[in-house]
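To start, the structure itself, in structure tokens.
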Amino acid sequence: MNHDQGMKEISGCKAQDTRTGFYDPMEKSDYFNKKVYRRHFSRKRTLHFMFFFTLSVIFVMATSYLVYNNQGLSLNSFEHSLDVDLYMIYENEFKSLNNKPSIKPINPVKFNAVLQPINSCKLSNQSDASPDLVIFVKSALLHLELRNNIRQSWGNSNCFRYFGVRTRILFILGRSGSTDWKHSSTQSMVLQEHMKYNDIVQFDFIEDYHNVTYKLIATLDFAINECSTSRFLTLIDDDFMLHPSNLLRTLAKVTETQYLNYIAGNVMRVSKPTRLLFSKWYISYSDYPYSLYPAFPSGGTIILSMPVAQLLSVGLRYIKLLPFEDVVIGLVLYKLGISPVHLDGVYVVRYPKSHTGDLISIHGYGDNSFSLSSWNKLGLQTVCDR
9 MNHDQGMKEI SGCKAQDTRT GFYDPMEKSD YFNKKVYRRH FSRKRTLHFM FFFTLSVIFV
69 MATSYLVYNN QGLSLNSFEH SLDVDLYMIY ENEFKSLNNK PSIKPINPVK FNAVLQPINS
129 CKLSNQSDAS PDLVIFVKSA LLHLELRNNI RQSWGNSNCF RYFGVRTRIL FILGRSGSTD
189 WKHSSTQSMV LQEHMKYNDI VQFDFIEDYH NVTYKLIATL DFAINECSTS RFLTLIDDDF
249 MLHPSNLLRT LAKVTETQYL NYIAGNVMRV SKPTRLLFSK WYISYSDYPY SLYPAFPSGG
309 TIILSMPVAQ LLSVGLRYIK LLPFEDVVIG LVLYKLGISP VHLDGVYVVR YPKSHTGDLI
369 SIHGYGDNSF SLSSWNKLGL QTVCDR
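Per my numbering, the sequence shown starts with residue 9, numbered consecutively.
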């Protein structure tokens, strides 16, 4: 081998080594693995950051909400109504011939009945007898089937006559929101129902969830003016089922001393205002600045004496109204110093199967077929059909 050949071989080896090093698959694999690892580590670090950032945001929001939700005033500083003596106004209006309020109310609302039965608070068109108990069923315009179910079940006056208590059942409605509501098909349907059953009381406020307090005011005023000789009133929603005999047994236990301040139902003793903006029960601090609501009977079923109905009618004119009628009742009762009576037999949820004897009323009967089948299970249809 001469010098030139040796140099070529060495040069060839170097060239081969250089090419082999450039295309070395192991070196390329290491580079790829490092790149994948860096990308994986970066993604993992981003996910960790997002997770802890989200937790931090949730924690801050929850803490802020708790602080916001608990910064209300104490009821000891209650000033949600005019500083007036409601009992004095009550005495002036109901115990004397002077029906004009001595102090200007902050809610001088007055609603007119556009439909009402003939002899609204009489037992029949031919009778002068007034009922001992008037049951006002708060209903909605289109709930015709629910009203018919009630008429066929616990709303049958025979259910109460059998137990010797004169009772009148009336359905309370508002009007539709259309400008020409008097000539609407809905109003035509209500009018036909009114003419057929003679148990509809319709007022001129718009039927709406936010107007339930108006329905309360209108109902109480109507009861006081049309049914003043009745001893007791019951306010009940149309998706509740009522047990007539248990209701009457409850009323029979009310003493004359209790009667003057008697109002009862499923009482909420400790209830906090809801400050969540999109909740159905949201209330702002500007509308209600207190941390708790006073005790109130849940609006689905409320039983009260006529004197308390009169006191509430007065008190509602001097208190700032809220869109929750049961809470507003609680505010007036707090102002009057009246404590509502809790009744275990008024259920705002499904009736527990472990109890069978104390049922007065129960929520959850908005389904028509379920309502009638459940009524039949009570075994009272034989009494009510007499």
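A virtual CB, placed ideally from N, CA and C, is assigned to each residue, including glycine. Quick caveat, the model's predicted, so the values are computed rather than measured.
Under the DSSP assignment, Arg176 falls in the beta strand (DSSP E) whose first and last residues are Thr175 to Arg183.
Listed in chain order, the non-local C-beta contacts of Ile346 below 8 Å within the same chain comprise Asn269, Ile271, Val316 and Leu319, local neighbours out to five positions each way being set aside. DSSP, read as helix, strand or coil, puts Ser299 in coil. Only exposed fits Ile126, as fewer than 16 other CB atoms lie within 10 angstroms of its CB. A distance below 9 Å separates the beta carbons of Val142 and Ser238.
Bridge partners of Gly273 according to DSSP: Ile310 and His350. Within the region 221 to 288, the complete alpha helix (DSSP H) segments of 4 residues or longer fall at 252 to 260 and 264 to 267, listed in chain order. Note that the C-beta distance between Ser184 and Gln200 is not below 9 Å.
For Asp352, the CB contacts under 7 Å within the same chain, skipping 5 residues up- and downstream, are Asp366 in chain order. Here Asn120 is actually not in contact with Phe179; their C-beta atoms are around 17 Å apart, not less than 8 Å.
Following the DSSP letters along the chain, one finds Ser161 in no beta strand (DSSP E), marked with neither H nor E. Its chain contains Val220, Thr221, Leu224 and Gly307 as the residues whose beta carbon lies nearer than 6 Å to that of Glu333, once the 5 sequence neighbours on both sides are disregarded; these appear in chain order.
Annotation for Gly172: no residue places its beta carbon closer than 8 Å to its own, counting only its chain and skipping 5 residues before and after. Look at Lys118 here: in three-state DSSP terms it is coil, with no helix or strand label.
The shortest CA-to-CA distance from Trp162 to any of Leu339, His251, Gln124 and Tyr301 is the one to His251.
In this structure, Ile368 lies away from Thr227, with their beta-carbon atoms at least 9 Å apart.
Across the structure, Arg155 and Thr242 are spaced so that their CA atoms are roughly 16 Å apart.
Taking C-beta atoms as the reference points, Ala231 and Val275 fail to come closer than 9 Å. Residue state for Pro305 is assigned as strand, using DSSP reduced to three classes. In the three-state scheme derived from DSSP, where H, G and I count as helix and E and B as strand, Val357 is classed as coil.
A residue is called buried when at least 16 other Cβ atoms come within 10 angstroms of its Cβ; Tyr95 does not meet this threshold and is exposed. With respect to the 9 Å criterion, Lys130 and Arg159 are not classified as neighbours on the basis of their beta carbons.
Counting along the chain, the unbroken beta strand (DSSP E) around Lys146 starts and ends at Leu141 to Lys146. Boundaries around Gln210 are those of the beta strand (DSSP E), Ile208 to Ile214, since no alpha helix (DSSP H) includes it.
DSSP links His371 through a beta bridge to Phe248. As far as DSSP is concerned, Tyr205 takes part in no beta bridge. Here Glu101 really is in contact with Val322; their C-beta atoms are around 6 Å apart, less than 8 Å.
Taken through DSSP and simplified to helix, strand or coil, Leu123 comes out as strand.
The beta carbon of Leu123 lies closer than 6 Å to those of His202, Ile208 and Gln210 in the same chain, with the five residues before and after it left out.
Membership of Tyr342 in the alpha helix (DSSP H) is indicated by the continuous run Glu333 to Leu344.
In this structure Asn384 is exposed. Its beta-carbon is surrounded by fewer than 16 other beta-carbon atoms within 10 angstroms.
For Ile327, the secondary structure class from DSSP, reduced to helix, strand or coil, is strand.
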